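Participant:
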Amino acid sequence: MGNISVLPEAVINKIAAGEVVERPASVVKELVENALDAGASQVEVEIRNGGKSLVRVRDDGCGMGRDDAVLAIERHSTSKIAGADDLFAVRTMGFRGEALPSIAAVSRLEIVTKEKGALAGTRFSVEGGRAGEARDAGAPEGTEVTVRDLFFNVPARRKFLKSEAAENSRIAAALTAEALARPGTGFSLRADGEELLKAPPAASPRERIASLFGAELAAALLSFEASAGGARVRGFVSPPGITRGNRAVQYLFVNGRPVQDRILSFAVSDACDGFIPARRYPVAFVYLEIEPREVDVNVHPAKREVRFRNAALARDLVRNAVSQALGGTGRPRAAGPAFTYESRAREGAVERVPVAAEGGVPRPPETSARPPLGAETAVLPLEEAEPAHRLRVVGQVKNLYVVCEDADGIAVVDQHAAHERILFEKVMRAREEGGGELQRLLIPSIVELSAHERALAAEHLEAFRSLGIGLEPFGKHALKVDHLPACLGAADPEALLRDVLAELAAEGRSRAVRDGVAAAVAAKVCRAAVKRRDPLRGEELRRLVDDLMRCRSPFTCPHGRPTVIRIPAAELDRRFGRT
Numbered sequence: 000m001g002n003i004s005v006l007p008e009a010v011i012n013k014i015a016a017g018e019v020v021e022r023p024a025s026v027v028k029e030l031v032e033n034a035l036d037a038g039a040s041q042v043e044v045e046i047r048n049g050g051k052s053l054v055r056v057r058d059d060g061c062g063m064g065r066d067d068a069v070l071a072i073e074r075h076s077t078s079k080i081a082g083a084d085d086l087f088a089v090r091t092m093g094f095r096g097e098a099l100p101s102i103a104a105v106s107r108l109e110i111v112t113k114e115k116g117a118l119a120g121t122r123f124s125v126e127g128g129r130a131g132e133a134r135d136a137g138a139p140e141g142t143e144v145t146v147r148d149l150f151f152n153v154p155a156r157r158k159f160l161k162s163e164a165a166e167n168s169r170i171a172a173a174l175t176a177e178a179l180a181r182p183g184t185g186f187s188l189r190a191d192g193e194e195l196l197k198a199p200p201a202a203s204p205r206e207r208i209a210s211l212f213g214a215e216l217a218a219a220l221l222s223f224e225a226s227a228g229g230a231r232v233r234g235f236v237s238p239p240g241i242t243r244g245n246r247a248v249q250y251l252f253v254n255g256r257p258v259q260d261r262i263l264s265f266a267v268s269d270a271c272d273g274f275i276p277a278r279r280y281p282v283a284f285v286y287l288e289i290e291p292r293e294v295d296v297n298v299h300p301a302k303r304e305v306r307f308r309n310a311a312l313a314r315d316l317v318r319n320a321v322s323q324a325l326g327g328t329g330r331p332r333a334a335g336p337a338f339t340y341e342s343r344a345r346e347g348a349v350e351r352v353p354v355a356a357e358g359g360v361p362r363p364p365e366t367s368a369r370p371p372l373g374a375e376t377a378v379l380p381l382e383e384a385e386p387a388h389r390l391r392v393v394g395q396v397k398n399l400y401v402v403c404e405d406a407d408g409i410a411v412v413d414q415h416a417a418h419e420r421i422l423f424e425k426v427m428r429a430r431e432e433g434g435g436e437l438q439r440l441l442i443p444s445i446v447e448l449s450a451h452e453r454a455l456a457a458e459h460l461e462a463f464r465s466l467g468i469g470l471e472p473f474g475k476h477a478l479k480v481d482h483l484p485a486c487l488g489a490a491d492p493e494a495l496l497r498d499v500l501a502e503l504a505a506e507g508r509s510r511a512v513r514d515g516v517a518a519a520v521a522a523k524v525c526r527a528a529v530k531r532r533d534p535l536r537g538e539e540l541r542r543l544v545d546d547l548m549r550c551r552s553p554f555t556c557p558h559g560r561p562t563v564i565r566i567p568a569a570e571l572d573r574r575f576g577r578t
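First residue of the sequence shown? That's 0 in numbering that gives the first Met the number 0, and the numbers climb one at a time after it.
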């Protein structure tokens, strides 16, 4: 180990940049927030090559004089706080004076700015942290910051950046959050000359949501508002019929700042308990206003997280407000006639119009009834199953569980979870063996998407098509779904697309598309499977257990819950004192 020494300023700046500037979306976020702090009423963002070659942010804010423009690229130079006490009363988006110096340290940066009423503007350039000379320039009032060749001097960081489409989607997501936080400000985003996002100044948050996510969703949202303990919350939540597969379309704002906060996020989930199905999440836009001294925003380098002095107040306020909004909808009930195992196996003749996966000639419509599962679901012949898997049915308990025995002891089978697994493997195997049979939708589904969702779809378009989901652009703000995998039957194209996009937003991998199709199949078979409390006859019980043991993965349902719980004979002996 060498002697301790003080790092050079250039290295210090690059280290600081690594905390603040993770990728092009970080640059956009920091520059846009500077524009908002400058009082901009219009913010225009332009990017090229996913922001790796160019990020340009223009605003019509107050602008800067020459001295301020030069000082702005010095670390910890800011006009937003003056002392330590100000850290606990932050009302601006930025306050540390780190963004511009950090960006300038790892890019070729140029600032063109002009104060309101000034005769001339200022042009100032910085390359890799080395400042050039400031000079006069003709410019409109406001500021334009251009960032070229991000990470040109830190090639290791540049290698970690994703594809152009992936970076575009992250930038669109960052700008969407900022636009939701400031509905009165206009925003636009152009990527390589193409408009990705346009949000004119809006009169209300609902109007802004409509411009970003579509008028249909905005109109369906339930509004809420409440106050307590000096804090106030307002916002919107989707009714129980509109849900997503994860929290990707839940936006949280504290004093106008987009944040990621577990306390507020789980407060929304708690409020929805009993209103929406398990493992589904509402669309939500939550705006919390609280005294700045009651919340610490100086927690995360990118200012994504906050810490509340009274977390219980914030949590309860949000939870109660959302719960009251949903309370007017009534709690949904799941009801339906009881079916036997055989009727579930045979139900639902489905008419579909198949098309060849590679654009072949469609065959005529056909109607096919589902045959008994015992005839098609076997993956392994029963005689090839492991001896321990040969279960003999003893009976049914409370029309919920099937009690069996084998050479090792007792096994209890959840009849609904077991039938889900059987149906899931049947449908997925039929898809694999059918070579990607597709069904053309008689009426294509037009799905309005946010800029972030459209960018995600564009990035993973080939993955969608390879799995039989036909997507085409439809206007500037929508996609058309014109065919789906035949194994999905009458699945809702819009719900499927949104769930898959939500998974992509969370995981960022094309595997999420395949997982989304599998999840849709799982949801479909869940509805078709025998339910708890459905009485089954002796032969049906035996067939259910035999079919389960022939599955590839017999011990979990498609959602990951157990299908079988075993109690070894040795455990029974121990419990009864026979050891």
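Virtual Cβ for every residue (Gly too), placed ideally from N, Cα, C.
Here the structure is a predicted model, which means the values were calculated and not measured.
Compute the distance between the beta-carbons of residue 424 and residue 556, then report whether it is under 8 Å.
Facilitator: No, the pair does not count as a contact, with Cβ atoms beyond the cut-off.
Participant: Less than 8 Å between the C-beta atoms of residue 106 and residue 151, yes or no?
Facilitator: Yes, the pair counts as a contact, with Cβ atoms nearer than the cut-off.
Participant: Among 445, 287, 303, which one has its Cα closest to the Cα of residue 314?
Facilitator: When each option's Cα is compared against that of residue 314, the closest is 287.
Participant: Would residue 173 and residue 505 be called neighbours here (beta carbons separated by less than 8 Å)?
Facilitator: Not in contact: residue 173 and residue 505 (Cβ atoms no closer than 8 Å).
Participant: Just verifying my parser: in three-state terms, what is the DSSP assignment at residue 466?
Facilitator: DSSP places residue 466 in coil when its eight states are reduced to three.
Participant: Please name the residue, chosen from 317, 322, 296, that lies closest to residue 274 on a Cα-to-Cα basis.
Facilitator: Ranking 317, 322, 296 by Cα distance to residue 274 puts 322 first.
Participant: On a CA-only basis, which of 99, 237, 73 is nearest residue 146? Give me that one, please.
Facilitator: It is 99 whose Cα lies nearest to the Cα of residue 146.
Participant: Let me know the secondary structure DSSP gives residue 259 once reduced to three states.
Facilitator: Coil.
Participant: Where does residue 539 fall in DSSP's three states?
Facilitator: Residue 539: helix per DSSP, three-state reduction.
Participant: Can you tell me whether residue 113 is buried or exposed? The criterion is at least 16 other CB atoms within 10 Å of its CB, across all chains shown.
Facilitator: Burial call: buried.
Participant: Checking 8 Å against the spacing of the C-beta atoms, do residue 405 and residue 443 come in under that value?
Facilitator: Their beta carbons are not under 8 Å apart, which means residue 405 does not touch residue 443 by this criterion.
Participant: Put residue 421 into one of helix, strand or coil per three-state DSSP.
Facilitator: Three-state DSSP puts residue 421 in a helix.
Participant: When we look at the beta-carbon of residue 574 and count the other beta-carbons within 10 Å, is it buried (16 or more) or exposed?
Facilitator: Counting Cβ neighbours within 10 Å, residue 574 comes out exposed, since fewer than 16 surround it.
Participant: Please classify residue 28 as buried or exposed, where buried requires at least 16 neighbouring CB atoms within 10 angstroms.
Facilitator: The residue is buried, with at least 16 neighbouring Cβ atoms inside 10 Å.
Participant: Do residue 123 and residue 102 have their beta-carbon atoms positioned less than 8 Å apart in this structure?
Facilitator: No. Outside cutoff.
Participant: Pair every Cβ in the stretch 222 to 230 with every Cβ in the stretch 254 to 262, then say whether three or more of these pairs are closer than 8 Å.
Facilitator: They do not touch, by the three-pair rule.
Participant: Going by beta-carbon coordinates alone, are residue 243 and residue 497 separated by less than 8 Å?
Facilitator: Yes; because the gap between Cβ atoms is below 8 Å, this pair is in contact.
Participant: In terms of residue numbering, what span does the beta strand (DSSP E) encompassing residue 567 cover?
Facilitator: Taken as a continuous stretch (DSSP letters only), the beta strand (DSSP E) holding residue 567 covers 563 to 567.
Participant: When you compare each of 473, 276, 437 to residue 483 by their alpha carbons, which one comes out closest?
Facilitator: The residue with the shortest Cα to Cα distance from residue 483 is 437.
Participant: Identify which residue in 416, 426, 428, 485 has its Cα closest to the Cα of residue 559.
Facilitator: It is 416.
Participant: Around the Cβ of residue 564, are there at least 16 other Cβ atoms within 10 angstroms (buried) or fewer (exposed)?
Facilitator: Under this definition residue 564 is an exposed residue.
Participant: Looking only at C-alpha atoms, which of 231, 306, 272 sits nearest to residue 326?
Facilitator: Nearest C-alpha to residue 326: 272.
Participant: State the Cα-Cα distance for the pair residue 337 and residue 42, rounded to the nearest angstrom.
Facilitator: At residue 337, the pLDDT of 38 sits below 50, so the modelled position is not reliable; the number obtained from the coordinates is stated separately. Going from the Cα of residue 337 to the Cα of residue 42 covers about 58 Å.
Participant: Could you give the DSSP three-state label for residue 28: helix, strand or coil?
Facilitator: In the structure shown, residue 28 sits in a helix (DSSP, three-state: H, G or I).
Participant: Applying the criterion that 16 or more other CB atoms from any shown protein chain within 10 Å of the CB defines a buried residue, is residue 163 buried or exposed?
Facilitator: With 16 or more Cβ atoms within 10 Å of its Cβ, residue 163 is classed as buried.
Participant: List the whole-angstrom C-beta distance separating residue 234 from residue 283, where the pair is believed to meet the contact cut-off of C-beta under 8 Å.
Facilitator: Yes, they are in contact, since the Cβ atoms of residue 234 and residue 283 sit about 7 Å apart, within 8 Å.
Participant: Give a yes or no on whether the C-beta atoms belonging to residue 266 and residue 317 are separated by under 8 Å.
Facilitator: Against a cut-off of 8 Å, the Cβ pair of residue 317 and residue 266 comes out as a contact.
Participant: Any idea what DSSP makes of residue 268, helix, strand or coil?
Facilitator: The answer is helix: DSSP assigns residue 268 an H, G or I state.
Participant: Where do the ends of the alpha helix (DSSP H) carrying residue 534 lie?
Facilitator: Here residue 534 belongs to no alpha helix (DSSP H), and DSSP marks it neither H nor E.
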